[in-house]
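Enquirer:
There are 4 protein chains.
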Amino acid sequence: MITKKILVMLMDVAIVGATGYTGAELLRLLARHDDVDVCYITSRREAGKHVFKVHPHLKGVDKYKELYFVGDVDKVDADIVFTATPHGVSMSVVPKFLERGVRVIDLSGDYRFEDLSLYEKYYNIKHVGLPDVKIAYGLPELNRENIKKAQLVANPGCFPTGAILAIAPLVKEGLIEERVIFDSKTGVSGAGVNPTETTHFPNVNENITPYKITKHRHAPEIEKELNKIGRVKVSFTPHLAPITRGILTTAHAFLTEDISDNDIIDIYNEFYGREFFVRIFSDDIPRLTYVRGTNFCDIGGFEVDCHGRVVVVSCIDNLVKGASGQAIQNMNIMCGFREEEGLLDIGLNP
Amino acid sequence: MITKKILVMLMDVAIVGATGYTGAELLRLLARHDDVDVCYITSRREAGKHVFKVHPHLKGVDKYKELYFVGDVDKVDADIVFTATPHGVSMSVVPKFLERGVRVIDLSGDYRFEDLSLYEKYYNIKHVGLPDVKIAYGLPELNRENIKKAQLVANPGCFPTGAILAIAPLVKEGLIEERVIFDSKTGVSGAGVNPTETTHFPNVNENITPYKITKHRHAPEIEKELNKIGRVKVSFTPHLAPITRGILTTAHAFLTEDISDNDIIDIYNEFYGREFFVRIFSDDIPRLTYVRGTNFCDIGGFEVDCHGRVVVVSCIDNLVKGASGQAIQNMNIMCGFREEEGLLDIGLNP
Amino acid sequence: MITKKILVMLMDVAIVGATGYTGAELLRLLARHDDVDVCYITSRREAGKHVFKVHPHLKGVDKYKELYFVGDVDKVDADIVFTATPHGVSMSVVPKFLERGVRVIDLSGDYRFEDLSLYEKYYNIKHVGLPDVKIAYGLPELNRENIKKAQLVANPGCFPTGAILAIAPLVKEGLIEERVIFDSKTGVSGAGVNPTETTHFPNVNENITPYKITKHRHAPEIEKELNKIGRVKVSFTPHLAPITRGILTTAHAFLTEDISDNDIIDIYNEFYGREFFVRIFSDDIPRLTYVRGTNFCDIGGFEVDCHGRVVVVSCIDNLVKGASGQAIQNMNIMCGFREEEGLLDIGLNP
Amino acid sequence: MITKKILVMLMDVAIVGATGYTGAELLRLLARHDDVDVCYITSRREAGKHVFKVHPHLKGVDKYKELYFVGDVDKVDADIVFTATPHGVSMSVVPKFLERGVRVIDLSGDYRFEDLSLYEKYYNIKHVGLPDVKIAYGLPELNRENIKKAQLVANPGCFPTGAILAIAPLVKEGLIEERVIFDSKTGVSGAGVNPTETTHFPNVNENITPYKITKHRHAPEIEKELNKIGRVKVSFTPHLAPITRGILTTAHAFLTEDISDNDIIDIYNEFYGREFFVRIFSDDIPRLTYVRGTNFCDIGGFEVDCHGRVVVVSCIDNLVKGASGQAIQNMNIMCGFREEEGLLDIGLNP
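Chains as they are written, first to last, in the UniProt record's numbering: chain A, 1 to 350; chain B, 1 to 350; chain C, 1 to 350; chain D, 1 to 350.
1) When the Cα of A/Ala327 is compared with those of A/Leu152, A/Ile167 and A/Ile208, which residue comes out closest?
2) From which residue to which residue does the alpha helix (DSSP H) around C/Ala163 run?
3) Kindly list, in the order they appear in chain D, the residues whose Cβ is closer than 8 Å to that of C/Gly301.
4) Listing by chain order, which chain A residues have their CB less than 9 Å from the CB of C/Asn318?
5) Between B/His50 and chain D, is the shortest Cβ-Cβ distance under 8 Å, so that the two count as touching?
6) By Cβ distance below 6 Å, which residues in the same chain neighbour B/Arg112 in space, the five residues on each side in sequence not counted?
7) Helix or strand or just coil, what does DSSP make of B/Cys306?
8) Quick one: residues in its chain with C-beta nearer than 8 Å to the C-beta of A/Ala191, no 5 flanking neighbours on either side, listed in chain order?
9) Which bits of chain C does B/Ser189 rub up against, with CB to CB less than 9 Å?
10) Buried or exposed, going by whether 16 or more other CB atoms sit within 10 Å of the CB of B/Ile206?
11) Report yes or no: do three or more beta-carbon pairs, one from the segment 241-248 of chain C and one from the segment 311-328 of chain C, lie closer than 8 Å?
12) Taking C-beta pairs closer than 9 Å, name the residues in chain A that D/Asp284 reaches, listed in chain order.
13) So the candidates are C/Leu27, C/Leu10 and C/Val304; which of them puts its Cα closest to the Cα of C/Leu319?
14) For C/Phe281, which three-state DSSP category applies?
15) If you run the structure through DSSP and keep just helix, strand and coil, what is C/Gly300?
16) Round the Cβ separation of B/Ile346 and C/Val13 to the nearest angstrom and send it over; I've been treating them as touching at under 8 Å.
17) Give the range of the beta strand (DSSP E) segment to which D/Ser184 is assigned.
18) Please confirm whether A/Ile328 has its beta-carbon closer than 8 Å to some beta-carbon of chain D.
19) Hey, could you find the ends of the alpha helix (DSSP H) D/Val54 is sitting in?
20) How big is the Cα-Cα spacing for D/His307 and D/Glu257?
21) Residues of the segment 235-247 of chain C with a CB closer than 8 Å to any CB of chain A: list them in chain order, please.
22) Kindly indicate which three-state DSSP category B/Phe69 falls into: helix, strand or coil?
23) For the beta strand (DSSP E) holding D/Pro238, just list the boundary residues, first then last.
24) Going by other Cβ atoms of all chains shown within 10 Å of its Cβ, with 16 needed for buried, is B/Gly336 buried or exposed?
25) Would D/Met11 and D/Ile80 be called neighbours here (beta carbons separated by less than 8 Å)?
26) Is DSSP giving B/Ile316 helix, strand or coil here?
27) Please classify B/Arg28: does DSSP put it in a helix, a strand, or coil?
28) On the CB-based measure, 16 or more other CB atoms within 10 Å of its CB, does D/Glu99 come out buried or exposed?
29) Just checking my contact of C/Ala219 with C/Phe236 at CB under 8 Å: how many whole Å lie between their CB atoms?
30) To the nearest angstrom, how far is it from the Cα of B/Pro286 to the Cα of A/Pro160?
31) Between D/Glu225, D/Val38, D/Phe201 and D/Thr196, which lies nearest to D/Ala136 when the distance is taken from Cα to Cα?
32) Going by the beta-carbon positions, is the gap between B/Ala24 and B/His55 smaller than 8 Å?
33) Does the CB of D/Ile280 have a neighbour CB from chain C at under 8 Å?
34) Could you tell me if C/Arg292 is buried or exposed, where buried requires 16 or more neighbouring beta carbons within 10 angstroms of its beta carbon?
35) What are the boundary residues of the beta strand (DSSP E) that C/Asp37 is part of?
36) Buried or exposed: which applies to B/Leu343, given that a residue is buried once 16 or more other Cβ atoms fall within 10 Å of its Cβ?
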């Protein structure tokens with residue numbers, strides 16, 4: 001066997017807000033991306049510091065030897081910008097880049113809703129308005145063609161990624177009743193890098209606790225996206241589990257036709273057959289550690305009980321397929337790179 | 001303030017199968033029970049060993065200084081017997097005690113089903129037949145009067161305890177559609193004391209994994225009990241979580257009437273108002289560590305979403321209210337002791 | 001067998017600073033103490049709130065039905081006061097109670113040092129001076145007679161409790177070289193109830209991290225106490241482990257005489273033979289879950305390697321024997337109650 | 001910036017015993033190694049099965065699409081063989097490959113001892129004798145020149161890797177007394193893939209437990225290697241921690257000269273200055289998650305206490321630098337590949 005690689009030009013990438021977990025994951029993954037160079041990282045708080053000081057686990061990455069945090073976003077010059085900024089902040093930063101013709105992948109919720117009233121209701125933030133560029137919801141498996149043409153990609157929420165991919169084939173085929181229940185279990189890294197009572201170790205450890213039981217802002221995001229391919233009423237309840245990474249979503253739905261487990265597996269294989277990042281588990285149950293550190297969404301379960309309930313389970317790493325990995329996947333699609341470039345990590349199991 | 005206690009006669013108790021977690025928990029709790037003495041513990045494997053050798057955490061319990069494991073069940077002489085034996089074994093041991101007029105609380109699944117064909121289908125064991133004595137399903141909050149009169153109590157499964165208590169008031173009042181989904185998360189101690197691939201630390205840690213997704217034997221147990229008080233079709237999916245103790249059950253149901261969160265809380269307060277071991281959480285969410293080591297079932301959630309789904313959450317310690325604590329509660333009821341005797345431990349939080 | 005209890009008068013107890021973990025543990029343990037009543041709990045932040053609102057796991061404790069937090073310490077009237085206040089705060093509160101003749105058990109570091117310069121160096125706080133009453137260092141196994149007579153007991157630090165008890169017999173007998181190394185591993189609850197970067201779940205989980213590697217303030221506390229019974233130079237390094245409760249201390253020392261493992265076990269059995277709360281593990285290794293929730297200090301290990309190093313291991317629950325349990329043990333001694341009253345909980349294992 | 005890669009021939013690699021954790025890690029890392037192809041994997045138990053069936057987390061790795069387990073080791077034909085077989089088994093397999101001129105990296109303990117009587121004492125296995133080829137102890141940072149010339153490399157134990165690297169510079173410079181204490185904390189994956197009482201989740205969780213307190217077989221391995229560069233008497237005690245991956249070693253030694261923390265840091269920077277896989281933490285404390293999934297050994301601490309004790313801390317991933325990663329590093333050295341090829345993963349933090 002032989003392998004070879006040809007000469008390439010590297011694209012310049014910037015990360016706005018690179019101190020949190022999603023910023024750190026962008027850096028981890030882009031370190032091994034052959035088509036891009038990271039030339040700017042920003043942070044108001046850490047301005048002037050070297051990247052290895054803030055993210056010691058990156059020590060030794062040759063590509064980042066000269067990389068320091070910049071405080072002023074206006075100094076950023078790049079071909080592609082990732083905005084890993086909080087909800088409400090992105091909308092004040094992103095337009096500046098768009099005006100200069102820069103392509104942006106935004107990891108906040110600010111551009112995920114076409115209907116801004118829905119955004120304003122659930123995020124409790126007044127929206128400044130959508131920019132006049134092509135915007136795409138960045139779930140490649142359902143929306144790849146739009147992503148290709150977009151100047152701005154709204155990277156999906158972590159729960160929506162796992163929930164939508166878990167049930168999309170059944171929704172598309174019209175095989176289930178409208179009401180779908182997503183019971184999700186997430187790792188604590190989803191709560192971000194800042195300590196709170198919620199993330200205090202003695203509160204998390206030996207517990208698994210539901211929160212925002214019916215009022216989580218990801219519920220309307222899941223619902224609106226699924227309604228683009230079928231008719232669904234989404235009920236969603238997240239739980240905080242004593243793990244660091246990963247979201248396991250258990251989707252409960254009711255079949256409208258009498259089909260078997262194997263029929264369902266066939267439908268999923270057909271639907272996701274060409275997708276590199278979706279792995280169908282037809283005979284064993286997926287595990288979070290199988291996707292840990294990776295951009296995979298593993299889907300399994302596929303059981304039907306005696307009351308016609310079908311259960312489908314999906315696993316993602318909330319920081320990768322649920323955030324930074326999917327953002328890079330979107331970049332790859334926007335830029336015409338190989339879609340899996342920089343995303344070939346294998347699950348850190350065990 | 002003053003307190004006083006009077007002279008009492010102690011009842012003789014035996015534990016058949018006292019090497020596992022439920023046996024150990026019976027010993028932990030009975031150590032502080034003022035009305036009973038533990039005079040026999042059995043184990044084929046550990047016969048002849050002192051109880052402190054097998055359960056070192058009990059060291060220092062004065063009551064057990066002379067307690068050794070007995071190998072031969074026929075040597076056991078007691079007023080009350082707890083059988084903490086595996087499914088299929090109990091039915092060969094329990095009848096011997098019943099014949100001698102001894103009262104028995106059985107912690108296995110062998111006597112939970114009136115319809116033995118259901119038992120045989122889900123446990124895949126041929127049943128020898130039910131004994132000709134008064135048998136009660138040992139969930140005191142729903143079945144106290146029958147327990148009082150029973151000679152044999154079938155202690156409920158751990159999942160059924162949490163699931164039934166979570167939804168019973170709504171079922172009883174006929175306020176929900178037939179289909180109810182229980183999405184449960186359990187600690188690993190529920191799998192027992194013997195190491196398996198399922199309980200191997202690297203397989204459990206950093207994972208949360210569904211199992212027996214639609215085929216768990218506790219599903220029919222939940223369904224048959226709830227159908228005694230209303231009409232329900234039960235869908236049940238358990239998940240193994242990286243914690244040692246506790247079951248959190250998230251019950252998802254659909255309301256048939258337009259009632260509010262507060263109406264629901266009122267119904268639960270009314271239903272469980274006099275129950276010492278059920279605590280209603282009306283404004284904060286229950287946590288597993290609040291019930292850890294205790295016989296409480298904490299119930300909370302009580303939210304209704306925009307599609308009429310109601311969510312109720314229950315927390316129990318699977319080894320206490322889900323097994324040994326409830327067994328002692330049953331004994332207290334059968335013997336006319338104070339129902340909370342020996343069960344006054346407070347949740348080990350954090 | 002029979003049991004009986006006689007009529008008793010209950011003593012009035014107050015807890016100053018009852019919102020943290022040690023305050024909560026005092027409440028958990030005193031709920032089942034037959035000789036005292038808790039009549040005051042204080043907190044500036046939670047003043048006016050019911051105890052069940054701040055500590056939901058206590059719900060159902062009859063004794064506390066009428067217990068509300070008080071904001072003003074001057075309103076506290078009690079026979080015995082526990083001060084579970086931060087270092088530096090205790091010294092401003094404790095003297096007020098002492099002046100009124102109230103006995104105080106202080107859980108902070110403020111009264112642990114006879115030599116205030118040592119305190120000021122390690123705590124970086126100016127000390128107001130020691131009150132003119134009999135003060136005792138509250139480690140009953142080494143200092144019971146002084147505790148009996150004291151009006152103020154300085155409850156030991158969590159690490160010192162486990163470390164001193166682990167090595168005291170060998171120090172007393174003069175069987176080891178001066179230099180002793182304590183390598184301790186602690187649960188996160190030792191860091192208190194307030195969230196910080198140190199206690200942020202993703203920082204703790206899957207890590208075990210040394211901190212204050214040579215500069216922890218418990219090092220001089222251990223050293224000064226051990227030097228009361230022998231000659232020791234203490235080296236101490238604590239590690240934060242991904243567990244909630246417990247401290248395991250591994251003591252490494254070098255023997256000055258050629259004695260065997262069994263000789264050492266004999267020395268420990270002799271030294272601690274009458275101590276209810278010290279359990280010697282001569283043939284199995286102690287575990288944190290064996291002491292979880294209890295006031296026991298389990299000691300084991302007792303191995304000697306080919307270079308004459310002896311290893312002794314101790315396990316405590318940092319919130320019980322390392323704080324609130326030992327405080328109650330001290331109260332029992334001061335008041336002439338049975339020493340184990342309120343402290344009969346059995347380790348929550350697993 | 002530009003990057004390019006030239007045409008290369010791939011070397012054929014086999015893994016004997018590829019069902020355990022170290023086998024799986026070899027596969028994970030070699031999947032991204034540009035100079036080798038994995039053409040054989042063996043397992044008696046899993047013979048005939050596809051690699052994705054046994055290791056589902058590898059699904060999607062193009063390189064392994066046609067890779068099935070082989071039962072018969074004699075069928076293996078390769079340029080390089082990794083033997084990830086148990087102690088005692090390697091010595092029956094390795095010689096066959098050596099005779100054919102194949103280079104072997106053995107991950108067991110069978111070839112780590114020049115003095116076979118030491119091996120036989122600590123492993124309690126009769127050794128068949130060392131083969132007549134050049135054998136090297138595979139710790140590249142101390143032994144690179146010998147590894148280059150070896151036909152057989154004995155990959156070091158996991159504890160010895162972290163312990164030796166932590167203290168080697170001080171031993172080499174003769175700055176510490178002979179007696180060194182290594183207090184190590186290891187993740188559970190070090191115990192292997194097979195469930196035992198030791199790895200049973202409820203036994204591990206919420207515990208941290210010393211084992212083989214003075215008798216672990218890695219003690220003599222550490223001692224003999226360090227004595228090649230200085231004079232040391234090694235005392236070693238391992239602890240099992242409730243984490244999956246990683247070994248943190250706390251080395252306690254006593255200085256013979258009065259040198260400062262900064263002097264020590266200089267010595268370490270000098271000693272490891274050119275080593276890609278050793279990272280010196282001079283101002284923050286290393287963490288296991290920083291090295292998780294990587295071949296790095298992070299070293300920090302470097303504090304001296306008032307009694308002249310110096311503390312140095314090292315962190316490795318026991319399955320990577322402590323096993324499979326180091327094995328690949330050794331292969332790279334033996335074969336003249338770039339030493340970090342296939343080993344560029346960044347720590348999965350958090």
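Positions of the beta carbon are idealized from the N, C-alpha and C atoms, including for glycine.
Expert: If we stick to the structure as given:
1) Reading the first sequence from its first residue, position 327 is the one you call residue 327 of chain A. Comparing Cα-Cα distances from A/Ala327 to each of A/Leu152, A/Ile167 and A/Ile208, the minimum goes to A/Leu152.
2) What you label residue 163 of chain C is simply residue 163 of the third sequence in a count that begins at 1. From DSSP, the alpha helix (DSSP H) with C/Ala163 extends over Cys158 to Lys172.
3) For the purposes of this step, residue 301 of chain C is taken as the residue at position 301 of the third sequence. Near C/Gly301 (Cβ distances below 8 Å), the residues of chain D are Pro210 and Ile213.
4) As a position in the third sequence, residue 318 of chain C is number 318, starting the count at 1. Ordered by position in chain A, no residue passes the 9 Å Cβ test against C/Asn318, which lies about 11 Å from the chain.
5) For the purposes of this step, residue 50 of chain B is taken as residue 50 along the second sequence, with counting starting at 1. It does not; no Cβ of chain D falls within 8 Å.
6) Indexing the second sequence from 1 puts residue 112 of chain B at position 112. The residues are Ala154 and Glu221.
7) If you number the second sequence from 1, residue 306 of chain B lands on position 306. Of the three classes helix, strand and coil, the one that applies to B/Cys306 here is coil, per DSSP.
8) Sequence index remark: in the first sequence, residue 191 of chain A carries index 191 (1-based). So the list reads Thr198, Thr199 and Leu240, once near-sequence residues are dropped.
9) Locating residue 189 of chain B in the second sequence gives position 189, counting from the first residue. Going along chain C in sequence order, the residues near B/Ser189 (Cβ under 9 Å) are Pro350.
10) Taking the second sequence and counting its residues from 1, the one referred to as residue 206 of chain B is at position 206. Checking the sequence, you will find Glu at residue 206 of chain B rather than Ile. By the 10 Å Cβ count, B/Glu206 comes out buried.
11) yes
12) For the purposes of this step, residue 284 of chain D is identified with residue 284 of the fourth sequence, where counting begins at 1. Ordered by position in chain A, the residues that pass the 9 Å Cβ test against D/Asp284 are Lys53 and Pro56.
13) Translated into positions along the third sequence, residue 319 of chain C becomes position 319. Checking every option, the nearest Cα to that of C/Leu319 belongs to C/Leu27.
14) By one-based count along the third sequence, residue 281 of chain C stands at place 281. Three-state result, C/Phe281: coil.
15) Position 300 of the third sequence, counted from the start, is the residue given in the question as residue 300 of chain C. Residue state, collapsed to three classes: strand.
16) As a first step, residue 346 of chain B must be located in the second sequence, where it is residue number 346. As a first step, residue 13 of chain C must be located in the third sequence, where it is residue number 13. Not really, about 17 Å apart at Cβ, beyond 8 Å.
17) Position 184 of the fourth sequence, counted from the start, is the residue given in the question as residue 184 of chain D. Arg179 to Thr186 is the extent of the beta strand (DSSP E) around D/Ser184.
18) Counting from one through the first sequence, the residue named residue 328 of chain A turns up at place 328. No, A/Ile328 does not count as interfacial toward chain D.
19) Here residue 54 of chain D is taken as the residue at index 54 of the fourth sequence, counted from 1. Where D/Val54 is concerned, the enclosing alpha helix (DSSP H) stretches over Val51 to Val54.
20) Start at 1 with the first residue of the fourth sequence, and residue 307 of chain D comes out as number 307. Start at 1 with the first residue of the fourth sequence, and residue 257 of chain D comes out as number 257. The straight-line gap from Cα to Cα measures roughly 12 Å.
21) Pro242, Ile243 and Thr244
22) Your numbering for residue 69 of chain B matches position 69 in the second sequence. If DSSP states are grouped into helix, strand and coil, B/Phe69 belongs with the strands.
23) The sequence position of residue 238 of chain D within the fourth sequence is 238, counting from 1. Looking at the DSSP string, the run of the beta strand (DSSP E) that includes D/Pro238 is Lys233 to Leu240.
24) Working through the second sequence from its first residue, we reach residue 336 of chain B at position 336. With fewer than 16 Cβ atoms within 10 Å of its Cβ, B/Gly336 is classed as exposed.
25) Counting from one through the fourth sequence, the residue named residue 11 of chain D turns up at place 11. Counting from one through the fourth sequence, the residue named residue 80 of chain D turns up at place 80. Yes, they are a contact pair.
26) Here residue 316 of chain B is taken as the residue at index 316 of the second sequence, counted from 1. Three-state result, B/Ile316: strand.
27) One-based indexing of the second sequence puts residue 28 of chain B at position 28. Helix.
28) Start at 1 with the first residue of the fourth sequence, and residue 99 of chain D comes out as number 99. Exposed, because fewer than 16 other Cβ atoms sit within 10 Å of the Cβ of D/Glu99.
29) By 1-based counting over the third sequence, the position of residue 219 of chain C is 219. By 1-based counting over the third sequence, the position of residue 236 of chain C is 236. Confirmed, Cβ separation roughly 4 Å.
30) Locating residue 286 of chain B in the second sequence gives position 286, where the first residue counts as 1. Locating residue 160 of chain A in the first sequence gives position 160, where the first residue counts as 1. Approximately 26 Å, taken between the alpha carbons.
31) The sequence position of residue 136 of chain D within the fourth sequence is 136, counting from 1. Considering only alpha carbons, the answer is D/Glu225.
32) To locate residue 24 of chain B, count along the second sequence from 1; it is residue 24. To locate residue 55 of chain B, count along the second sequence from 1; it is residue 55. Against a cut-off of 8 Å, the Cβ pair of B/His55 and B/Ala24 comes out as a contact.
33) By 1-based counting over the fourth sequence, the position of residue 280 of chain D is 280. Cβ-Cβ to chain C under 8 Å: no for D/Ile280.
34) Position 292 of the third sequence, counted from the start, is the residue given in the question as residue 292 of chain C. C/Arg292 is buried by the Cβ-count criterion.
35) As a first step, residue 37 of chain C must be located in the third sequence, where it is residue number 37. Start and end: Val36 to Thr42.
36) Within the second sequence, numbered from 1, the residue matching residue 343 of chain B stands at position 343. So B/Leu343 counts as buried.
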